[in-house]
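One structure is given below, encoded as structure tokens.
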Amino acid sequence: MIHNLKPYPAYKDSGVPWLGEVPEHWKLKRTKTVLRERSQKGFPDEPLLAATQTKGVVRKELYENRTVLALKDLHLLKLVRVNDFVISLRSFQGGIEFAHEQGIISPAYTILYPVEAQNHGFLAWLFKSKPYIENLSLFVTGIREGQNIDYVKLSRSELPLPPFSEQSSIVRYLDHIDRRIRRYIHAKQKFIKLLEEQKQAIIHQSVTHGLDPNVKLKPSGLEWLGDVPEHWEVKPAKWYYHEIDERSSTGSEELLSVSHITGVTPRSEKNITMFMAESYVGYKLCRENDLVINTMWAWMAALGVAQQTGIVSYSYGVYRPIHKEAFLSQYIDLLLRTKPYVAEYICRSTGIHSSRLRLYPEQFLRIPIIRPPIVEQQAILDEIHNKTSELEHAINTSNQEISLLREYRTRLIADVVTGKLDVREAVTNLKDGVEEPEIEEYAEESITEELEEVIIECND
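Using the UniProt record's numbering, you'd call the opening residue of the sequence shown number 1 and step up by one each time.
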């Protein structure tokens, strides 16, 4: 899939630490001679734009289900034109974003346009490369960790610039390779999705109906759940849990995240960088075996049982078991993530839009929960493990392959845009023809995590 690329014949010292040596014929120019700042306002009729780390700068309406701010005073927003670059409050994490659309965007952002129009494709790849993003950390300002980039300082930094014809070759090559890698990743993700569906079907059948196909059933009294084993208990959640609202006085406890993918886990284990609050004093405390529900994302099954003491957002629901012997933590975690329960969260949530549904404690505590005897819960967990272990192995293997592909792509992009590898010969061997359509990789967890923070920010 990847061509056998070699270094350039001759190099020179760039004098720029993050670049190192660059091809001898490449130029080095200060950012302010390559880009100019655009600060035009007074275009309220232009479409609203959003700066995203995965899609660049696109129409906000494409992300309407994932944004929460109602912007006012549209005439104060900055104009962005196609092929502009946008420095957002997240650029220190994911680089400078390329504009695919014309419209208006936050006045807090810095809008840049290339002096030479031919540069935009090469710059788009350069500004999203790992070495450049790491370099941006030198220009971070602000009281929170890395929200703002000081463009006055950044404008004095130097950029590598190959000849225009070579920039075109680099862009063509990286576009081609990126599409191929995305296609491979997308295929793997579809395969993982099928495996996950098989796994969830096994879990759903086991935790809602037990293991004995001949067991006598009774109506659960819940249309969305159907019949359950006759000897199982069915009572509202308030019989098993009560809401807890203990707050941290120091904010020094382990910060926990609540996701529909990983449940309740330490934020420090996350693979994505996000805004950090100035202080976590006043965040909610949760303890081992507490049930934690992400109030704003319950409709996506963002909940789980805490495996340790820690703190979570004050907007989350924390529920402590009334009877510790009622549920095994892994069983209740699996049960409350099944499709019937998630559908019930949606029905009981309130909000003016699907992306703003909230499951409040009074509604959750009314939801009936089915409870097998503890011995049966353990048997169910053992059977689920036996039936899904091979699926889990296949899922983990595929995820590792995706990680390797992404790591390779990151390294390849960095090496090409900084001149460590020469693509001029390789690009001549690329077949001309109709370009393949863009394929979007799934990035559900990062979306959830980022917006979880955005929503909290907006509600402060």
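For every residue, glycine included, the Cβ atom is placed at its ideal position computed from N, Cα and C.
query	result
Specify the secondary structure class of S257 as computed by DSSP and reduced to three states.	strand
Here's the rule: buried if 16 or more other CB atoms are within 10 angstroms of the residue's CB, otherwise exposed. What is I133?	buried
Considering only their Cβ atoms, is the gap separating A301 from R337 smaller than 7 Å?	yes
For N214, which of helix, strand or coil comes out of DSSP?	coil
Helix, strand or coil for V80 per DSSP?	strand
In three-state terms, what does DSSP make of N135?	helix
Give the range of the beta strand (DSSP E) segment to which H242 is assigned.	241-244
On the three-state DSSP scale, how would you describe K107?	Note that residue 107 is Pro in the sequence shown, not Lys. DSSP places P107 in coil when its eight states are reduced to three.
For P236, count the other beta carbons within 10 Å of its own beta carbon; 16 or more makes it buried, fewer makes it exposed. Which is it?	exposed
Which residues share a DSSP beta bridge with R183?	Looking at the DSSP assignment, R183 forms no beta bridge with any residue, so it has no partner.
Could you tell me if V152 is buried or exposed, where buried requires 16 or more neighbouring beta carbons within 10 angstroms of its beta carbon?	exposed
For a test of the three-state rule: what should DSSP assign to R424, helix, strand or coil?	helix
Nearest to S249 by alpha carbon, out of R36, V305, L285?	L285
Could you check what DSSP says for T418 in three-state terms: helix, strand or coil?	coil
With a threshold of 7 Å on Cβ separation, who are the neighbours of L174 within its own chain once the five nearest residues in sequence on each side are excluded?	W125, I413, V416
In its own chain, which residues sit with a C-beta less than 7 Å from the C-beta of Y8, not counting the 5 before and 5 after it?	P23, G419, D422
Check whether the Cβ atoms of R59 and Y113 sit closer than 7 Å, and answer yes or no.	no
Three-state secondary structure (DSSP) at E383?	helix
When DSSP labels each residue in this structure, what does A302 get in the three-state scheme?	coil
Which partner residues does R358 have in the DSSP bridge list?	T350
According to DSSP, is M16 part of a helix, a strand, or is it coil?	The question names Met, yet the displayed sequence has Val at residue 16. In the structure shown, V16 sits in coil (DSSP, three-state: anything other than H, G, I, E or B).
Give the list of continuous alpha helix (DSSP H) stretches no shorter than 4 residues that lie fully inside the stretch 311-352.	329-335, 339-348
Are the beta-carbon atoms belonging to Q40 and L76 less than 7 Å from one another?	no
Measure the CB-CB distance between I244 and Y283 and report whether it falls below 7 Å.	no
Quickly, what does DSSP pair F98 with across the bridge? List them, please.	F85
Measure the Cβ-Cβ separation of L154 and I105 and say whether it is below 7 Å.	no
Ordered along the chain, which non-local residues of its own chain (more than five positions away) have a Cβ less than 7 Å from that of I149?	I87, S91, F92, L136, F139, V140
Out of D84, R30, R38, E425, point me to the one whose CA is closest to A51's CA.	D84
Using alpha carbons as the reference points, say which of R411, H100, R38, S403 lies closest to Q189.	S403
Below 7 Å between beta carbons: does that hold for L5 and S14?	no
Skipping 5 residues on each side, what residues in its chain have a beta carbon closer than 6 Å to that of G20?	none
For T54, count neighbouring Cβ atoms within 10 angstroms of its own Cβ and tell me buried if that reaches 16, exposed if not.	exposed
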